[in-house]
Amino acid sequence: RETQRAFVYFALHGMTVDGIIVNRVLPEAVHDKYFRDWQRSQQKTLDQIEEYFAPVPVTRAPLFSHEVVGAERLAELARALYQSPDRDPSARSRTEAPFRFEKNGAGYRVSLRLPFTAPEEVSVFKKGENLVVEVGALRRHVGLPTTLAALQPRKAKLEGGVLTVELMENRP
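Just so you know, we're using the working numbering here: the sequence shown kicks off at 49 and counts up by one.
Next comes the structure, spelled out in structure tokens:
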């Protein structure tokens, strides 16, 4: 749940997460009876992580027999994560705009990704020339382009992890 919260925070603040690393994954080579339940439980969690964060790539780091401390052990971790010589750890695996503005009839639509968020957690209001989006205790001020700054939020809908806010002229 903590990782999901961080993911929402990053999305709310316009950052794209282009990879998830799950660490301390029991190696498949471990066949000890003692770890059987742990492996089953871990596999369920790994399946959920893949499902929750799709299409973000998930990379697994094995549980090492020692702590990953120091340059040599960090290099070992890097080799485990980026096994393929043509895989560049600094390359972006995905990019997406933090929010989108679209003309919508007489107004405009602002969309931003808010994964793992329930509608009752979201609050939207206008403050000056900013659209303010709150998710629980998290708050994001979205600066509106000049052409949209005078418009007011009329309707907001959270569907499929995307918040869509309709902006219209303020009519009496």
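We treat Cβ as the ideally placed atom computed from N, Cα and C, and that holds for glycine.
Residue ranges of each beta strand (DSSP E) run of no fewer than 3 residues wholly in the stretch 111-157, ordered along the chain? Listed in chain order, they are 147-152.
Close Cβ partners of residue 192 (< 7 Å) along its chain, the five nearest in sequence each way excluded: Numbered from 1 along the sequence shown, position 144 holds the residue referred to as residue 192. Correct list, in chain order: 177, 178 and 179.
Buried or exposed (CB count within 10 angstroms, at least 16 for buried), residue 219: Numbered from its first residue, the sequence shown carries residue 219 at position 171. A residue is called buried once 16 or more other Cβ atoms fall within 10 Å of its Cβ, and residue 219, having fewer, is exposed.
Can you give me the Cβ contacts of residue 216 inside the same chain, cut-off strictly under 7 Å, excluding the 5 residues immediately before and after it? Translated into positions along the sequence shown, residue 216 becomes position 168. Excluding residues within five positions, the ones whose Cβ falls inside 7 Å are 154, 155, 199, 200 and 202.
What is the rounded straight-line gap between the Cα of residue 162 and the Cα of residue 138? Reading the sequence shown from its first residue, position 114 is the one you call residue 162. Reading the sequence shown from its first residue, position 90 is the one you call residue 138. Between residue 162 and residue 138, the C-alpha separation is close to 25 Å.
Give me the Cα-Cα distance between residue 45 and residue 205, rounded to the nearest whole angstrom. Given that the chain is displayed from residue 49 to residue 220, the structure contains no residue 45 and the question cannot be resolved.
Sort 79, 211, 126 and 165 by Cα distance to residue 53 and report the nearest one. Here residue 53 refers to the residue found at position 5 when the sequence shown is read from its first residue. Among 79, 211, 126 and 165, the Cα nearest to that of residue 53 belongs to 165.
Residue from 51, 93 and 62 whose Cα sits closest to the Cα of residue 148: Position 100 of the sequence shown holds residue 148. Nearest neighbour of residue 148 by Cα position, chosen from 51, 93 and 62, turns out to be 62.
Quick check on the DSSP output: what are the complete beta strand (DSSP E) runs of length 3 or more inside the stretch 164-209, in order along the chain? List check, beta strand (DSSP E) in window: 170-175, 178-183, 186-191 and 200-207.
Among 213, 108, 152 and 110, the one whose alpha carbon lies nearest that of residue 265: Given that the chain is displayed from residue 49 to residue 220, the structure contains no residue 265 and the question cannot be resolved.
Provide the residue(s) that pair with residue 99 in DSSP beta bridges, ordered along the chain. On the sequence shown, position 51 is the one that residue 99 refers to. Under DSSP, residue 99 takes part in no beta bridge, so it has no partner.
Looking at residue 96: is its Cβ nearer than 8 Å to the Cβ of residue 74? Here residue 96 corresponds to residue number 48 of the sequence shown, with the count starting at 1. Here residue 74 corresponds to residue number 26 of the sequence shown, with the count starting at 1. No, the pair does not count as a contact, with Cβ atoms beyond the cut-off.
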